[in-house]
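Asker: In my numbering, the protein residues as written are 6 to 89. Please find one structure pasted underneath; my questions will follow.
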């Protein structure tokens, strides 16, 4: 059974991004649980790392950092490696 988790509102972020936001928003809508959202953060960071387009790289990075900070209440820059 999935526990209820309200997803953060990322509409203001998507509104300020270029056309790439359509695909980023689609991936975001498919995420259901908190774990899905964390996986999405790391997926976006991976996509940003391998992207050769600077606009696409910045868009993925902005979304990933925002979502991470909302989920953890910490800035991504202060993230420490965690052991699972």
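Every residue gets a Cβ at the ideal spot worked out from N, C-alpha and C, and that includes glycine.
1. Is the separation between the beta-carbon of residue 26 and that of residue 64 shorter than 8 Å?
2. So does residue 46 have its beta carbon nearer than 7 Å to some heavy atom of the ligand MN?
3. Is there contact here, the stretch 17–35 with the stretch 43–50, by at least three beta-carbon pairs under 8 Å?
4. Given a threshold of 16 other Cβ atoms within 10 Å of its Cβ, counted over all protein chains shown, does residue 69 qualify as buried or as exposed?
5. On a Cα-Cα basis, can you pick out the residue from 43, 67, 42 that is closest to residue 54?
Answerer: By the coordinates alone:
1. yes
2. Annotation note on the ligand MN: not contained in the displayed structure, which lists no ligands.
3. yes
4. buried
5. 67
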